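Chemist: Numbering (our numbering), first residue to last: 224 to 346. C-beta: ideal position from N, C-alpha, C; glycine also. These numbers were taken from a predicted model, which means no experiment stands behind them.
1. Can you look up residue 326 in the DSSP assignment and give me helix, strand or coil?
2. Do you know how far the Cα of residue 315 is from the Cα of residue 308?
3. How many Å lie between residue 312 and residue 302 at the Cα?
4. Per DSSP, what kind of secondary structure is residue 257 in: helix, strand or coil?
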């Protein structure tokens with residue numbers, strides 16, 4: 224029965240022998256800096272890092288473009304709210320002015336008011 228604490232930590236197998244980070248299972252092949260294999264791995268790694276950084280930069284640029292777009296849209300919507308609020312104010316004033324003139328006509332006995340006109344059917 225083998226106890227595993229984690230993939231890289233010290234473990235003990237059934238027979239009591241120990242396995243740790245220095246066991247052959249976890250050792251990496253040591254490469255000499257001037258070898259062809261080392262150079263190829265470095266080139267591949269550098270290419271991967273460059274690609275990752277470009278992708279990250281592209282994502283950051285796309286995010287900034289989206290932020291700019293949303294800010295412009297937000298400003299347009301704020302302007303629309305302002306315009307509609309002004310329009311509501313004008314409409315309220317017109318309605319109050321109209322309501323005021325109708326009620327003044329009713330109190331003064333003006334028969335021209337539409338609320339007092341009677342239409343009789345013709346035979």
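Modeler: Reading it off the structure:
1. As a first step, residue 326 is located in the chain shown; it is residue number 103 there, counting from the start. Three-state result, residue 326: helix.
2. Here residue 308 refers to the residue found at position 85 of the chain shown. Here residue 315 refers to the residue found at position 92 of the chain shown. Each residue's alpha carbon lies about 11 angstroms from the other.
3. As a first step, residue 312 is located in the chain shown; it is residue number 89 there, counting from the start. As a first step, residue 302 is located in the chain shown; it is residue number 79 there, counting from the start. If you draw a straight line from the Cα of residue 312 to the Cα of residue 302, it is about 15 angstroms long.
4. As a working note, residue 257 is residue 34 in the chain shown. In this structure, residue 257 counts as coil in the three-state DSSP scheme.
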